[in-house]
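First to last, the sequence lines map onto chains A and B. 159 is the number that my numbering gives to position 138 of the first sequence; each next residue is one higher, with no gaps. 5 is the number that my numbering gives to position 19 of the second sequence; each next residue is one higher, with no gaps.
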Amino acid sequence: MSMLNIENVHTYYGNIHALKGVSLKLEKGEIVTLIGGNGAGKTTTLRTIAGLLHPRQGSVSMDGQDLLKYKPHEIVYKGISMVPEGRGIFARLTVTENLEMGSYSRNDKAEIHRNTERVFTLFPRLKERRTQVAGTLSGGEQQMLATGRALMANPTVLLMDEPSMGLAPVLVEFVFDTIQQINKEGTTILLVEQNALMALSVANRGYVLQTGEIVIHDTAENLKKNPTVQKAYLGME
Amino acid sequence: MLAKYLFGQTGMTISGATIFFVLIVSGSMFWNTMGTNIKSGVSRLPKTSQTTIRILFFALLAYVALGLPQVSGPFIAQVIVIISLYILMGLGLNITLGFAGLLDLGFVAFYAVGAYTVGLLTSYGEYGLQHIPFWVAVPIAVLVAMAFGAFLGLPVLGVRGDYLAIATLGFGEIVRLLAGSDFLAPFFGGPRGIIGIQKPCLGPLGEFLKIDVPRVCNGIELGKPQDIYYIAVVSALFIAFVAWRLRESRLGRAWMAIREDEDVAEALGVNLIQTKLLAYMLGAAFAGLGGAIFTVLVGSIFASSMQLIVSINVVALIVVGGMGSIPGVVVGAIALIGLPELLREVSEFRFLIYGIALIAVMLVKPEGLWPSQVAIRELHHEDSSSLVEEAES
């Protein structure tokens, strides 16, 4: 049985039908990527899984447990954590305070301490800047903070929304290295990306989303060779 | 004698104001030039003498605070009481607006609820329901104000930003209009208000238990502004301490996370409904305490004193003091409420000076007179961010 199972999900914004029967699965230990153009419904899919949007139809379950019956703030207790689009850091709080908010769902002091150590090992830069106000960090550091904050909840599944957005190429590489590192340490990752080439180079499998529907689903290797994907998302003719 | 010279019947005399002004300006100039020297001088001293200096300083402060109303007379005491009441309201709104980012333009409603509760529970007048002692009525007033906080909070939970401001503005006006209406006059006295409110009494404990008999104070009656001064100042200090502990708590962090980004806070496990309601309720509780003390200061309540301008003043003092900063609330209340009170003698120009001062503060110190540490770091981060750029290039 797969770990995270999304089946035939229909999500609306008011009357706008944003997801038209999306189904996808995550197996334990995988990196799965969701690629697609602007407005395809990638962020909507993540927000639906995180419980911030409630689908009108379909099911979202983790380890066989129905997630739709939980309130948005309860989802994180089920082991799902999100790095939101545009990072969503708390700009007027310090780096430490941001990380503390990341462990809001954790009560065990020792565990919080372990998670903090893990984050500081992944991102030594955050340790150097821990007393700094998050809004004054550079774009790359803010991305590290958003990722670190999500890890503070010690998730089994990490949802990442466009982590490479607006970053310099050298930082993009660092971000994808980190994604692989986090995955190696045992976290399953669902990665939403516009940078399809990078995403497919770290992912095991990929889904292509187009105007609210999954149009292609394959292994990352095959997707890279798929002519439609090459033409639409990898910029090859 | 000195007090007579400095303060007239309704406020400072011209000479008093001039002396005051010169003292403040020269004092702050002295601190600007010598302040760092003094601070570093103190920090170079051994640990024990540092503690001694600190203890002496606070002892002096406490001595001045204790003795002040006896020396200054009723006018200054009353001004300080009013400042303290605004500090209480400011600390309350600082929770909803400063910490949780929920703008409330009808904050005076909770002040009114606190005032009316104490009035109804202690008045000898025709609307008094009970004659319980002030000390018992105050916690009840705080609880009732909290209930009203939840009552306001529930319908506006999903409302954000500008819409929230309008909705709360309406709530404040509704409370004032209902309290002063002919419709509810049999309960709240309508435009005639509630009068004959009992003064707090420091007496034998047994007195507390008799609730329905008209009481005579067998101990010390705290009737004069000089007496209410102690109640108001102690309350303001206590609530400032509570607000400070709240800010450092898990709940305080959750409020600030909501202020920064509701969705992300929720995804991290913050229960928005519970956390927001607590912000409304605790903010209302502080304002309710302020209203309760106001009632015994003036001995009567009129709905017409619960004007929108009170709510606006509270918002303004938070902004001038520094959003989210607890010392900022104190400084803001002194600057915005205390100074105009002291300047009553030059009444024609009072609000002109007030308006100019507001604009000047916002231009010169946009982060507020005494901003929170975070606001300072945020607005003066040129140095640190250039370091970031360097490290990256």
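Beta carbons are placed, not taken as given, at the ideal position from N, Cα and C, and that holds for glycine. All values derive from a computational prediction rather than experimental measurement.
Here the alpha carbons of residue 273 of chain B and residue 134 of chain B stand approximately 11 Å from one another. Take residue 164 of chain A, set aside five residues on each side of it, and the residues of its chain with a beta-carbon closer than 7 Å to its own are 108, 184, 188, 196, in chain order.
Residue range 25 to 34 is occupied by the beta strand (DSSP E) that includes residue 32 of chain A. For the segment 126 to 148 of chain A, the set of residues with a beta-carbon nearer than 7 Å to any beta-carbon of chain B comprises 126, in chain order. For residue 238 of chain A, the enclosing beta strand (DSSP E) begins and ends at 234 to 240. At a cut-off of 7 Å between beta-carbon atoms, residue 165 of chain A makes no contact with chain B. Contacts with chain A at 7 Å (Cβ-Cβ) do not include residue 146 of chain B.
For the segment 227 to 258 of chain B, the set of residues with a beta-carbon nearer than 9 Å to any beta-carbon of chain A comprises 236, 239, 240, 242, 243, 245, 246, 247, 249, 250, 251, 252, 253, 254, 255, 256, 257, 258, in chain order. Residue-level contact check: residue 111 of chain A touches chain B, since one or more beta carbons of chain B fall below 7 Å from its beta carbon.
Taking 4 residues as the shortest admissible run, the segment 181 to 235 of chain B contains the following complete alpha helix (DSSP H) segments, listed from N- to C-terminal end: 211 to 233.
Taking the C-beta atoms as reference points, residue 315 of chain B is found no nearer than 7 Å to residue 70 of chain B.
With fewer than 16 other CB atoms across the displayed protein chains lying within 10 angstroms of its CB, residue 147 of chain B is exposed. With a cutoff of 7 Å on beta-carbon distance, residue 89 of chain B and residue 46 of chain B are scored as not near each other. Its chain contains 23, 24 as the residues whose beta carbon lies nearer than 7 Å to that of residue 48 of chain A, once the 5 sequence neighbours on both sides are disregarded; these appear in chain order. Here residue 49 of chain B carries a helix assignment [DSSP, helix/strand/coil].
Judged by their CB atoms, residue 74 of chain A and residue 63 of chain A are not nearer to each other than the 7 Å cut-off. Cβ contact annotation for residue 99 of chain A (same chain, cutoff 8 Å, sequence separation greater than five): 83, 86, 88, 91, in chain order. For residue 293 of chain B, there is no enclosing beta strand (DSSP E), as DSSP gives it neither H nor E.
Here DSSP, grouped into helix, strand and coil, assigns residue 261 of chain B to helix. Ranked by how close their Cα comes to the Cα of residue 60 of chain A, the residues A:233, A:251, A:210, A:238 have A:233 in first place.
Put simply, of B:58, B:341, B:33, B:80 the residue whose alpha carbon is nearest the alpha carbon of residue 225 of chain B is B:80. Three or more Cβ pairs drawn from the segment 99 to 109 of chain B and the segment 273 to 288 of chain B lie within less than 8 Å of each other, which places the two stretches in contact. Counting along the chain, no alpha helix (DSSP H) covers residue 182 of chain A; the unbroken beta strand (DSSP E) around it starts and ends at 178 to 182. For residue 103 of chain A, the residues of chain B that pass the 7 Å Cβ criterion are 253, in the order they occur in the chain. Contact check for residue 211 of chain A and residue 245 of chain A: beta-carbon distance about 19 Å, past the 8 Å limit, so the pair fails to qualify.
In the structure shown, residue 106 of chain A adopts coil according to DSSP, grouped into three states. In this structure, residue 120 of chain B keeps its C-beta atom at 7 Å or more from the C-beta atom of residue 270 of chain B.
The shortest C-alpha to C-alpha distance from residue 66 of chain A to any of A:51, A:39, A:58, A:252 is the one to A:39. Of all alpha-carbon atoms in B:91, B:190, B:231, B:27, the one lying nearest the alpha-carbon of residue 299 of chain B is that of B:91. The DSSP-derived three-state label of residue 231 of chain A is strand. Contact between the segment 50 to 69 of chain B and the segment 238 to 250 of chain B is absent: fewer than three C-beta pairs spanning the two stretches fall below 8 Å. In the displayed model, residue 92 of chain A falls within coil according to three-state DSSP, outside both helix and strand. Remark: C-beta atoms of residue 84 of chain B and residue 292 of chain B do not approach each other more closely than 7 Å.
Taking a Cβ-Cβ cut-off of 8 Å, the neighbours of residue 97 of chain A in chain B comprise 253, 254, 255, given in sequence order. Distance from residue 211 of chain B to residue 326 of chain B at the Cβ level is roughly 18 Å; contact not present, criterion being Cβ atoms closer than 8 Å.
DSSP places residue 67 of chain B inside the alpha helix (DSSP H), whose first and last residues are 60 to 79.
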